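Student: Here it is: the structure, laid out below.
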Amino acid sequence: MRVLLVGAGGVGTAITRIAARRPFFEAMVVADYDPARAEAAVAALDDDRFGAERVDASDEAAVAGLLRRHACDVLLNATDPRFVMPLFRAARAAGATYLDMAMSLSRPHPGQPYRACGVKLGDEQFAQAEEWAEAGALALVGMGVEPGLSDVFARYAADELFDEIEEIGVRDGANLTVDGYDFAPSFSIWTTIEECLNPPVVYEADRGWFTTEPFSEPEVFDFPEGIGPVECVNVEHEEVLLVPRWVKARRVTFKYGLGREFIETLRTLHLLGLDRTGPVTVPSAAGPVEVSPRDVVAACLPDPATLGERMHGKTCAGTWVRGVKDGAPREVYLYHVVDNQWSMAEYGSQAVVWQTAVNPVVALELLAGGTWSGSGVLGPEAFPARPFLDLLTAYGSPWGMREQ
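Numbering (the numbering used here) for the sequence shown: 53 to 456.
Right, dumping it as structure tokens:
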């Protein structure tokens, strides 16, 4: 397997550090708009399977050319969701397998944003599913931690733990703190704003997909391994769009453990219009310039990839499932916890980016060995879960299950 990894930020760099310990691939080309980032990621490894390149992720022809020049058969997208579609199309043009950790962006319904779906997450990719299937090509979408491992948990629950499923609810929480910062998100603020301020999507079998108000249906969820209770709210996320396509459940939700302070900060950004992506004109010493308010917010905050040494605590990604097994009610929480102290000591990567990065590497290894295979645009639920969970444990990062 020869891989083109596009994006050498926190998650992309963590991917290289995890993959370097595995023998399943022949080469990995690390490409980024900033060549210094790609070169730094490669230089840290002392592994001649890795090489660095510069590429603009929005330039489909350049990406396709890079795939062909290095004879890469897989494109792994570690950029933010703005670049999903050009990279997705570039992979198809070059005849490469495509894998991402976040799907094509949504657009709210123009008239009823908090009742009905407009363009849903992943719609643009699924619109091309027939083309990929007819070509015998595979796009494995949403294969990070959430979406990704959370979807694998949903498939595992359906296959091995339940006869009927009433609800699948992804629940994400942490007790992470960052020394020296009152507000320092542990993941891309650009993506966090996109997820948290867009209308959340809920799925119900008798209603289909519909939306609610941001931060709706608050609940306190008790997370394992010492994290404890965290207030969680509805957030737009890919699992709600992916799980019902392959797993039968009466209801699917995603709730993020943001905490009250984080929620109020996001509300303020929205109130001030600082969550917008469209450019606004501002004065500068060189004259008027156009900037995106959301990009300004991101530039004012620390890079999450650099926070590991200041960060303390654990992060938990998991899938809560309620249903029936052998005629009796059952409720479980399948989860994966990463301690920042461990991930920093073992890999030099902070917990949230490492937890995101490990899952696409596991998936690549399953694809390389033929354990996972398929064609079309497929989510993690389309593949058997047990091989993935076993291999994740073999990577030294076991998962857990709690009977509720």
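We put the CB at the ideal spot given by N, CA and C, even for glycine.
Since we're looking at a predicted model, the values are computed, not measured.
For the pair the segment 214-229 and the segment 294-313, tell me if three or more CB-CB distances fall below 8 Å.
Tutor: Verdict: yes, contact present.
Student: Quick one: what does DSSP say methionine 478 is sitting in, helix, strand or coil?
Tutor: Nothing about residue 478 can be reported from this structure: the residues present for the chain run from 53 to 456 only.
Student: Give the range of the alpha helix (DSSP H) segment to which cysteine 284 is assigned.
Tutor: It is not in any alpha helix (DSSP H) - cysteine 284 instead sits in the beta strand (DSSP E) that spans 280-286.
Student: Assuming alanine 350 and isoleucine 241 make a contact with CB atoms under 8 Å, what is their CB distance in whole Å?
Tutor: Alanine 350 to isoleucine 241, Cβ: 5 Å. Contact.
Student: The beta strand (DSSP E) spanning asparagine 392 covers which residue range?
Tutor: No beta strand (DSSP E) holds asparagine 392; the alpha helix (DSSP H) holding it covers 392-399.
Student: The beta strand (DSSP E) with threonine 263 in it runs from where to where?
Tutor: It spans 260-263 - the beta strand (DSSP E) in which threonine 263 sits, taken as one unbroken run.
Student: Helix, strand or coil: which one does DSSP assign to histidine 388?
Tutor: In this structure, histidine 388 counts as strand in the three-state DSSP scheme.
Student: Just to confirm, are tyrosine 399 and isoleucine 70 a CB contact at a threshold of 8 Å?
Tutor: A contact, by the Cβ cut-off of 8 Å.
Student: Between the alpha carbons of aspartate 86 and valine 107, how many angstroms are there, rounded?
Tutor: So the two alpha carbons sit approximately 8 Å from each other.
Student: Return the chain-ordered ranges of every beta strand (DSSP E) run that is complete within the segment 122-179 and spans a minimum of 3 residues.
Tutor: Listed in chain order, the complete beta strand (DSSP E) runs (minimum 3 residues) inside the segment 122-179 are 126-129 and 149-152.
Student: With distance defined between alpha-carbon atoms, name the residue in His161, Gln180 and Leu173 nearest to tyrosine 150.
Tutor: Closest by alpha carbon: Gln180.
Student: Any chance the CB of histidine 289 is under 7 Å from a heavy atom of the ligand ADP?
Tutor: Of ligands this structure carries none, so the ligand ADP is not represented either.
Student: Rounded to whole angstroms, what's the CA-CA distance from aspartate 100 to arginine 362? Just pull it up for me.
Tutor: Distance between the alpha carbons of aspartate 100 and arginine 362 is about 32 Å.
Student: Output the distance between the C-alpha atoms of glutamate 105 and valine 81, rounded to the nearest integer angstrom.
Tutor: So the alpha carbons of these two residues sit roughly 7 Å apart.
Student: So cysteine 124 packs on alanine 148, CB below 8 Å; how close in whole Å?
Tutor: The pair is a contact, with the Cβ atoms about 6 Å apart (cut-off 8 Å).
Student: Quick one: give me the first and last residue of the beta strand (DSSP E) that leucine 190 is part of.
Tutor: Run containing leucine 190: 190-192, per the beta strand (DSSP E) assignment.
Student: Using beta carbons (cut-off 8 Å, strictly below), is threonine 264 in contact with chain D?
Tutor: No chain D is part of this structure, which consists of one protein chain only.
Student: Using 8 Å for Cβ pairs, my map puts leucine 416 next to valine 55. What's the rounded Cβ distance?
Tutor: Yes, leucine 416 and valine 55 are in contact; Cβ-Cβ is about 7 Å, under 8 Å.
Student: Taking one C-beta from the segment 193-211 and one from the segment 263-275 each time, how about it: are there three or more such pairs within less than 8 Å?
Tutor: The answer is no - the segment 263-275 does not touch the segment 193-211, with fewer than three Cβ pairs under 8 Å.
Student: Please list the terminal residues of the continuous beta strand (DSSP E) segment that includes threonine 333.
Tutor: Counting along the chain, the beta strand (DSSP E) containing threonine 333 begins and ends at 332-334.
Student: Report yes if the C-beta distance between glutamate 342 and proline 335 is below 8 Å; otherwise report no.
Tutor: No. Outside cutoff.
Student: Would alanine 403 and threonine 65 qualify as a contact pair, given that the criterion is a beta-carbon distance under 8 Å?
Tutor: No, they are not a contact pair.
Student: In the DSSP assignment, find the unbroken alpha helix (DSSP H) run with arginine 466 in it and report its ends.
Tutor: Outside the modelled stretch of the chain, which goes from 53 to 456, sits residue 466, for which no answer is possible.
Student: Between the Cα of alanine 434 and the Cα atoms of Val285, Asp152, Thr68 and Val299, which residue gives the shortest distance?
Tutor: For the residues Val285, Asp152, Thr68 and Val299, the minimum Cα distance to alanine 434 belongs to Val299.
Student: Taking the alpha-carbon positions, what's the alanine 209 to glycine 200 distance?
Tutor: If you take the alpha carbons of alanine 209 and glycine 200, they lie about 14 Å apart.
Student: If you run the structure through DSSP and keep just helix, strand and coil, what is aspartate 327?
Tutor: Coil, per DSSP.
Student: Suppose only complete runs of 4+ residues qualify. What are the alpha helix (DSSP H) ranges in the segment 195-259, listed by chain order?
Tutor: Correct list: 201-208 and 241-249.
Student: For the alpha helix (DSSP H) containing threonine 460, name the first residue and the last one.
Tutor: No statement about residue 460 is possible, as the shown extent of the chain runs from 53 to 456 and does not include it.
Student: So, at 6 Å on beta carbons, what are the nonlocal neighbours of phenylalanine 76 in its own chain, with the 5 sequence-adjacent residues on each side left out?
Tutor: Excluding residues within five positions, the ones whose Cβ falls inside 6 Å are Glu417 and Ala420.
Student: What are the residues that DSSP puts in a beta bridge with glycine 428?
Tutor: Per DSSP, Leu190.
Student: Using the Cβ count rule (16 or more neighbours within 10 Å means buried), how would you classify tyrosine 233?
Tutor: The residue is exposed, with fewer than 16 neighbouring Cβ atoms inside 10 Å.
Student: How many Å lie between glycine 117 and valine 230 at the Cα?
Tutor: If you take the alpha carbons of glycine 117 and valine 230, they lie about 41 Å apart.
Student: Which two residues bound the contiguous beta strand (DSSP E) that contains arginine 54?
Tutor: Unbroken beta strand (DSSP E) run through arginine 54: 54-58.
Student: For threonine 305, report the span of its beta strand (DSSP E) as first-last.
Tutor: Per DSSP, threonine 305 belongs to the beta strand (DSSP E) from 303-308.
Student: How should arginine 159 be labelled, buried or exposed, when 16 other C-beta atoms within 10 angstroms of its C-beta is the threshold for buried?
Tutor: Per the 10 Å Cβ criterion, exposed.
Student: To the nearest angstrom, how far is it from the Cα of valine 413 to the Cα of glutamine 177?
Tutor: Cα to Cα, valine 413 sits roughly 22 Å from glutamine 177.
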